[in-house]
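Sequential numbering of the sequence shown, starting at 859, is according to this note's numbering.
Note that beta-carbon positions come from the ideal geometry of N, C-alpha and C, so glycine has one too.
One structure is given below, encoded as structure tokens.
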Amino acid sequence: MVASRKEEWETLGGLDIPLQSDQDTLSDVGYSQSNVGSAGSAPYTRGIHSTMYRSRLWTMRQYAGFSSAEETNKRFKLLLERGQKGLSVAFDLPTQLGLDADDELSLGEVGKVGVSISSIDDMRLLLDGIPLDQVSTSMTINSPAIILLAMYVAVAEEQGVSSDKVIGTIQNDILKEYIARGTYVFPPKQSMRLITDVFEYCAEHIPLWNTISISGYHIREAGSTAVQEVAFTLANALAYVEAAIESGLDIDAFAPRLSFFFNCHNDFFEEASKFRAARRLWFDLIDERYNPTNPKSAMLRFHTQVAGVSLTAQQPLNNIARVTIQALAAVCGGTQSLHTNSYDEALGLPTEKSATVALRTQQIIAEESGAADIVDPLGGSYHVEALTERIYQESFAQIKQIESLGGALAAIEQGWQQREIHNAAFKHLMDVESGERKIVGVNHGVMEDETSTEVLQLDPAVGQMQCQRLANLRDNRDSVMAQKCIDAIAVAAAGTENLFPLILDAVKANCTLGEIMNAMRDEFGEWKAPSGF
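Right, dumping it as structure tokens:
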């Protein structure tokens, strides 16, 4: 068992705080938990660890990335210096779509909403001076996820860190792109192959890496309800499990490295209950259907980001209160890592000041609020337990509905999830516009906003600099070796060979992101959503 962070636990006023998984101690003060179980035990409603944050706090993993790799590296180092424990990389739109910075479709978008990464050179600069055997890194990348992971592994090896020592997570969740986000490239079937190739390679060679972060975050940002977020996310996860098993993998070979990524919105109790329900539902689904022998195969571990869609451009300082409430709900719901948004994100990318306030918000919750001292602070509440049960049942019913349509992939191709999200988003919009649902600063408490908020200004020359760097890379690499690697990827894409080793060779040979994607695109084709989705 991991040692406790403190020898004794007590409130600010000096009252002893018993460990909530200790039934006997709690019964002494008239508390019964017979209906909610224990933390650290199946079905994990109350948390995946028996002592939760008493042993170790959640990872404070602030999402960052903008402009060039050099600028993002500086922001990473600043956040680490100020107490962040893990990195989370935001990539620009061209990178997310597998485009090089000098592609004509990248014009005007390089470095705008994240960092531009087109080659291993950029990855080296991004991670310069960061010990990859000590720092856990999360990368929010999907269509070209297999390539960015290969770049990361190659840079780690250059640092002297073998692939079995690198730790982190890659989002690698393509199904939610078809549902809610839109940065897909290849058709669903071919995209699923890339995901299972990552599962297979990492199971053998990168065992500490979380091979997928199955995301409800973007589903919620697109306008879904809390129930839809749980249902659609877990339905996608079941599709990945089935694809991995069909590819020949055993459930215990990959399921322990599955991770999840959820949104945390404004309704404090609903959000905390949502996380509790999701843990229980995932356990029940995996345990009943696949009967794993490793307990971690059915244990839902998740990262949380507070709701970007809830931030307002009006009276932006109000967003600090929103972020605090959402972050506290995530902690009370038992998250494993957390990103808190900056108050200025409705206006632009976070400044150094706003990013620091966001990190400090987590630190205050951890060290001053008392929330981290309790295993399951809301467990046993009539309201929370009722909400947990209702979210469980309604989410399960929607999963069954998706399965009646042929599963997540078939339902996506029919546009079912997309339409359900559109309907929920429209209802919310109508509620706000009618005043039925109040948003402070938008339709309630409205005032002339006299607050001047600093907005981060990006260097407009970053695109040109990235294009020049790519030109230099192509001029100085072994072009024969690079072409040989690209040809090998094209041949393998037409067959069934695992693509990861070939992509790893290609990035080491200075092949670019776009070149590797194009080699696969020639074989896989592209996906265009049917009209109306």
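Nearest to residue i by CA position, among the options, is which residue?
i     : options                    : result
S1315 : F924, L985, L873, A1268    : Note on identity: in this sequence residue 1315 is Gln, with Ser being the wrong assignment. That would be F924, whose Cα lies nearest to the Cα of Q1315.
T953  : E1381, K970, R1180         : K970
T917  : N1030, T1193, C1369, L870  : T1193
A1095 : A1367, I1344, A1282, L1267 : L1267
D1022 : N1030, S1292, V1011        : V1011
L1186 : A1346, A1352, A1165, E1203 : A1165
A1136 : L1092, Q992, N1121         : L1092
H1302 : H1280, R1277, S1200, N1176 : N1176
E1355 : D1055, G1265, E1247        : D1055
L951  : N1000, M1288, Q992         : N1000
N1376 : V1349, A1387, P1359        : V1349
G1228 : L1169, E868, D1333         : E868
E939  : E1210, P1359, V1233        : E1210
Q1272 : D1234, E1291, A1387        : A1387
L1287 : R1115, T1083, T1027        : T1083
A1003 : Q1029, A1188, D1108        : Q1029
I875  : I1257, A1230, I1070, F1090 : A1230
E928  : G987, R914, G966, Q942     : G987
F1382 : S1200, G1353, M981         : G1353
I1279 : E1087, G944, D979, G1018   : E1087
T1069 : R1138, S996, L1207         : S996
Q1172 : L1205, L915, F1358, V1181  : L1205
E1058 : A1101, R1039, E1035        : A1101
L870  : E1225, L984, K1296         : E1225
V1013 : K1034, I1032, P989, E1035  : P989
Y1098 : F1141, L1139, I1053        : I1053
S1195 : L1263, I1064, F1119, R1039 : F1119
Quick one: grab the DSSP three-state call for residue i.
i     : result
V1085 : helix
L884  : Low confidence applies here, because L884 scores a pLDDT of 43, under 50, leaving its location unreliable; read the following figure in that light. If DSSP states are grouped into helix, strand and coil, L884 belongs with the helices.
A861  : coil
H907  : coil
A948  : strand
R914  : coil
R1248 : helix
Y1148 : helix
N1177 : helix
S1239 : coil
A1204 : coil
S879  : Note on S879: pLDDT 47, under 50, position unreliable in the model; the coordinate value appears next. DSSP places S879 in coil when its eight states are reduced to three.
V973  : strand
S896  : coil
L847  : Missing from the structure shown is residue 847; the chain here goes from 859 to 1391 and no further.
L1196 : strand
D874  : strand
Y1010 : helix
R940  : coil
W1140 : helix
L965  : coil
T1209 : coil
E1355 : coil
Q1017 : coil
D960  : coil
I1005 : helix
E1384 : coil
P1153 : helix
V1189 : helix
Within 7 Å: the Cβ of residue i and any heavy atom of the ligand ADP?
i     : result
R1039 : For the ligand ADP, the structure offers nothing, since it holds no ligand at all.
Going by DSSP, what residues sit across from residue i in a beta bridge?
i     : result
N1121 : Q1163
Q1172 : For Q1172, which the question treats as bridged, DSSP gives no partner whatsoever.
T995  : L945, G1026
Y921  : S946
S1131 : None; S1131 has no bridge partner.
D1363 : Beta-bridge pairing links D1363 to no other residue.
E868  : D874
Looking at chain D, is there any beta carbon in it that lies within less than 8 Å of the beta carbon of residue i?
i     : result
K1342 : Absent from the structure: chain D. Only one protein chain is present.
Within the segment 1023-1111, ranges of the alpha helix (DSSP H) (whole runs, at least 4 residues):
Within the segment 1023-1111, the complete alpha helix (DSSP H) runs of at least 4 residues are 1046-1063, 1075-1079, 1084-1104.
For the segment 1306-1353, list the alpha helix (DSSP H) runs that are entirely contained and at least 4 residues long, ordered along the chain.
Whole alpha helix (DSSP H) segments, 4+ residues: 1320-1334, 1337-1351.
Any chance you could list the alpha helix (DSSP H) runs of at least 4 consecutive residues sitting entirely within the segment 1274-1301, in chain order?
The segment 1274-1301 is shown to contain whole alpha helix (DSSP H) runs of 4 or more residues at 1274-1292, in chain order.
May I ask you to verify whether the segment 1325-1340 touches the segment 949-963, counting CB pairs closer than 8 Å and requiring at least 3?
A contact exists between the segment 1325-1340 and the segment 949-963.
Any chance the segment 893-908 sits against the segment 926-939, with 3 or more Cβ pairs inside 8 Å?
Output reads no: the segment 926-939 does not touch the segment 893-908.
Tell me, please, whether the segment 1145-1162 touches the segment 1209-1218 by the rule of three or more beta-carbon pairs shorter than 8 Å.
At 8 Å Cβ cutoff, the stretches do not touch.
Would you be able to state if there are at least three C-beta pairs under 8 Å between the segment 1032-1051 and the segment 1231-1246?
Taking 8 Å as the limit for Cβ pairs, the verdict is that the segment 1032-1051 does not touch the segment 1231-1246.
Is the number of C-beta pairs between the segment 895-906 and the segment 1219-1238 that are closer than 8 Å three or more?
Judged by Cβ distances under 8 Å, the segment 895-906 makes contact with the segment 1219-1238, as three or more pairs qualify.
Would you call the segment 1124-1131 in contact with the segment 1069-1082, where contact means no fewer than 3 C-beta pairs closer than 8 Å?
Between the segment 1124-1131 and the segment 1069-1082 there are fewer than three inter-stretch CB-CB distances shorter than 8 Å, so the stretches are not counted as touching.
Is it the case that the segment 1106-1118 contacts the segment 1142-1153, given that we only count it when at least three CB pairs across the two stretches are under 8 Å?
Two segments are said to touch when three or more pairs of C-beta atoms, one from each, lie closer than 8 Å; by this definition the segment 1142-1153 touches the segment 1106-1118.
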